[in-house]
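Q: Chains as they are written, first to last, in my numbering: chain D, 481 to 704; chain Z, 51 to 428.
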Amino acid sequence: MIELRDVKKAFNQGQHNEYWALSGISLTIEARRVTALRGPSGSGKTTLLTLIGCLARPTSGRVSLHGRDISGLPERFLTEIRRKTFGFVFQQFNLIKGLSAMENVMLPAYPTGRPHRELKQRAEALLDRLRLAHRRDARVEWLSGGEQQRVAIARALINDPEVLIADEPTANLDTALAKEFMAILESFGEEGRTVILTSHDPLVVESAAVNRVVDMRDGLIVEP
Amino acid sequence: MTVWFEKQRHLIDFTLASLIRRKGRNLGLLFVYTLLVFVLASVMLYTHALRHEAAVILEGSPEVLLQRLVAGRHDLIPPGYIERIGTVRGVQQIRGRLWGYYYDSVVKANYTFMVPEDGSVAKGTLVVGPALERERGLARDNGISFRAYSGQLFSFTVAAVLPQASELASADLILMNEGDFRAFFAYPAGHYTDVALSVANPKEVRNVANKLANLLPDSRPILREEVQRTYASVFDWREGIMLALLSAAILAFSILAWEKASGLSADEKREIGILKAIGWETGDVIRMKLWEGGLISLTAFLVGFVAAYLHVFRAGSPLFEPVLKGWAVLYPRFDLVPVIDGLQVATLFFFTVFPYMAAVLVPIWRAAVTDPDAVMRA
Ligand SMILES: Nc1ncnc2c1ncn2[C@@H]1O[C@H](COP(=O)(O)OP(=O)(O)OP(=O)(O)O)[C@@H](O)[C@H]1O
Ligand SMILES: [Mg+2]
């Protein structure tokens, strides 16, 4: 469903500190599967995720979603695609402090103008499914790391996205919590959601929940 | 349409939650902002009401007033003067007026006794101003006695109380019959306090005044337009002083508001990045900030303005009465009649709300157009 063709990404192009983070990536990501990007630090995994998730545009090459070229679209359309198609779980979770778990989960849905009650029900159902119902009114900064991550996952799912993007989802978790995350991931695969994640963690990459592993090095895809 | 409303509702929800999260900062700002609106609105309402009072007084006063002077002091108009004034071309209506001051030792205040133009007050009765109604507890049909300067006691009944069109003009006024007036003050027959006259052609007023001065060299004509100008300059001057003092306050506020509103903290920048990354458009972020600025500035404006209204028209402007009211000594107490000028309110609104909204928006714009992918590398 997502196709990248000879995608390159440069930072600070044309300046003395120009840096090519991606130097020609061609990759097809299949729908309803869990794909993991693996590679050493600085190999371009996060950069690739930002291009797939419409957070940034490639310097050259094409990104297409369902056969439609999205690499040249203006910011407004990218935002709309991002909101409708992708849910993000960031490495630092990036929850908004001072708001409750519930409010954080509902945030991505605000611009859609969906009725408040409906939103609330959906958020409650998600928190319930992630076994966080009892913490829904707690401010996020009071939650433990694992709880924060589950809030972040619930937030990523509020708009019911086709694709879930997770950057180093287990980097801040201990083994038990990482295993729990993999269990949640497995259930997404069964639901038919597309998941793209990055990880160094063998526990993640080698787990049965992951259908395909893509290895990266120096901004290129390498065969293992 | 309902989607639009739901969306705004969500944005307001979020905005309120954000405001509460940064309670200290926002409350401090709101307080200073409200205070500024309060002081500015108080000055505006107060001077406008005073001007209005002055206009009401002047409206009722004659175009030209003629006083006779003896040794530079105001003296009575003797018989024969009115007839001589009548010979001046251009003079239309001539009326000898009778009025005088009376000190009431009971309430320690000065009253103005006056015979009304139309002679409508019956013998033995009085029409009193609202201040007397208040200070001496007078109502219709009550009796009241005053001891004249001669020592003789006079009794009257109150026929009516004047409406409160302008307290400055009528608060301490007592209208009485001509016969009563002459008896009470032992006023010589045929004499008047001064002469009021009107002029057929308004352009001729100055001319007529010159002729009168030549005809009656011991008299002084006072023109309404001159009085008007004097009033206006007095008010302008006082208002000017107030505003000069206030401009320092406005400047201080602008600096504070600019810093508070425009200085995006690192936290806020990060938040805007997160919102954009999870699917908020730049426009949504700006709308949210607009709501925030709007809620703060509207609250400050409404609270400040209502407080100023109460301060000026209910409490009697205790805060700057000494500066603004020159003749306060003459009046033991006077309430301004509430008058509000729409244009003035609009001006105040524009100069307090608009700059704040601008201060809120400028930096947001900068933050909102940054790339959302920065969030991935927090
Ligand atoms: N905004 C930027 N400006 C300049 N260089 C950047 C920028 N973002 C990323 N880079 C560089 O691009 C390269 C790839 O970064 P990226 O974050 O994609 O790596 P990664 O594979 O995710 O690494 P890690 O495993 O440490 O998260 C890095 O060398 C990084 O320094
Ligand atoms: Mg990374």
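For every residue, glycine included, the Cβ atom is placed at its ideal position computed from N, Cα and C. No experiment lies behind these values; they were computed from the predicted model shown.
Please give me, in chain order, every unbroken run of the alpha helix (DSSP H) with length at least 4 that falls completely inside the region 624 to 648 of chain D.
A: Segments of the alpha helix (DSSP H) lying fully in the region 624 to 648 of chain D: 625 to 637.
Q: Would you mind stating whether F568/D and I645/D have Cβ atoms separated by less than 8 angstroms?
A: Closer than 8 angstroms, so yes.
Q: Return yes when at least one heavy atom of ligand 1 lies under 7 angstroms from the C-beta of Y83/Z, else no.
A: No, since every heavy atom of ligand 1 falls outside the 7 angstroms radius drawn around the Cβ of Y83/Z.
Q: For A67/Z, decide whether its Cβ has a neighbour in chain D, counting only Cβ atoms nearer than 8 angstroms.
A: It does; some Cβ of chain D falls within 8 angstroms.
Q: Using a Cβ cut-off of 8 angstroms, pull out every chain D residue sitting near R71/Z, in sequence order please.
A: In chain order: K577, G578 and L579.
Q: Touching or not, the region 240 to 248 of chain Z and the region 187 to 206 of chain Z, by the rule of three or more beta carbon pairs under 8 angstroms?
A: No: the two stretches stay apart, fewer than three of their Cβ pairs being nearer than 8 angstroms.
Q: Do you know how far the Cα of A104/Z is from the Cα of M586/D?
A: When rounded, the distance between both Cα atoms is 60 angstroms.
Q: Using the Cβ count rule (16 or more neighbours within 10 Å means buried), how would you classify W377/Z?
A: Interpretation of W377/Z is limited by its pLDDT of 44, a score under 50 that renders its predicted location unreliable; the figure taken from the coordinates is listed afterwards. Classification of W377/Z: exposed, given that the 10 Å Cβ count is below 16.
Q: State whether the region 88 to 101 of chain Z contacts the region 358 to 368 of chain Z, with contact taken as three or more CB pairs (one from each stretch) at a distance under 8 angstroms.
A: These segments touch.
Q: In angstroms, rounded to a whole number, what distance separates the CA positions of G169/Z and R147/Z?
A: Spanning the two alpha carbons is a distance of roughly 11 angstroms.
Q: Could you name the residues, in chain order, whose CB is less than 7 angstroms away from a heavy atom belonging to ligand 2?
A: Answer in sequence order: K525/D, T526/D, Q571/D, D647/D, E648/D and T678/D.
Q: Grouping DSSP H, G and I as helix and E and B as strand, with all else coil, what is W54/Z?
A: It is helical.
Q: Since S544/D contacts G699/D with CB under 8 angstroms, what's their CB separation in whole angstroms?
A: The pair is not a contact, with the Cβ atoms about 20 angstroms apart (cut-off 8 angstroms).
Q: At a CB-CB cut-off below 8 angstroms, which residues of chain Z make contact with N639/D?
A: G329, listed in chain order.
Q: What is the rounded straight-line gap between the Cα of W54/Z and the Cα of R602/D?
A: Cα to Cα, W54/Z sits roughly 20 angstroms from R602/D.
Q: Count the other CB atoms, across all protein chains shown, that sit within 10 Å of the CB of L352/Z; report buried if there are 16 or more and exposed otherwise.
A: Exposed: under 16 other Cβ atoms inside 10 Å.
Q: Between which two residues does the beta strand (DSSP E) holding K158/Z run?
A: Segment: none, K158/Z is in no beta strand (DSSP E) and carries neither H nor E.
Q: Given this structure, state the Cα-to-Cα distance separating E318/Z from S667/D, to the nearest angstrom.
A: The alpha-carbon atoms of E318/Z and S667/D are separated by roughly 35 angstroms.
Q: Can you find a C-beta in chain Z that's less than 8 angstroms from the C-beta of F668/D?
A: So, not an interface residue.
Q: Along the region 514 to 528 of chain D, what residues have a CB closer than 9 angstroms to any CB found in chain Z?
A: Taking 9 angstroms as the Cβ-Cβ cut-off against chain Z, the residues of the region 514 to 528 of chain D that qualify are T526 and T527.
Q: Kindly identify the DSSP beta-bridge partner or partners of I676/D.
A: Looking at the DSSP assignment, I676/D forms a beta bridge with T515/D and I645/D.
Q: Could you check where the beta strand (DSSP E) with D486/D kicks off and where it finishes?
A: That run of the beta strand (DSSP E) goes I482 to F491.
Q: Tell me the residue span of the alpha helix (DSSP H) that contains A663/D.
A: A663/D -> alpha helix (DSSP H) spans T655 to E671.
Q: Evaluate L262/Z with the Cβ neighbour count: other Cβ atoms within 10 Å of its Cβ, from every protein chain shown; 16 or more gives buried, anything less gives exposed.
A: So L262/Z counts as buried.
Q: Check whether the region 662 to 678 of chain D and the region 583 to 599 of chain D are in contact - that is, three or more C-beta pairs closer than 8 angstroms.
A: Not touching, per the Cβ criterion.
Q: Could you give the distance in angstroms between the alpha-carbon of L380/Z and the alpha-carbon of Y151/Z?
A: Here the model assigns L380/Z a pLDDT of 35, short of 50, so the residue's position is not dependable, and the following value carries that caveat. About 12 angstroms.
Q: G552/D to P538/D, Cα distance in whole Å?
A: About 9 angstroms.
Q: Cβ closer than 7 angstroms: which chain D residues qualify as neighbours of L61/Z?
A: Here the neighbours are Y590.
Q: Quick one: is P649/D near chain Z, going by C-beta distance under 8 angstroms?
A: Chain Z contact via Cβ: absent.
Q: Since F591/D and W330/Z are thought to touch, with beta carbons under 8 angstroms apart, how far apart are those beta carbons, to the nearest angstrom?
A: Looking at the sequence shown, residue 591/D is not Phe but Pro. About 5 angstroms separates the two Cβ atoms, so the contact holds.
Q: Going by DSSP in three states, L553/D sits in which element: helix, strand or coil?
A: In this structure, L553/D counts as coil in the three-state DSSP scheme.
Q: Taking 8 angstroms as the CB-CB limit, is K339/Z close to chain D?
A: Not closer than 8 angstroms to any Cβ of chain D, the Cβ of K339/Z fails to qualify, so no.
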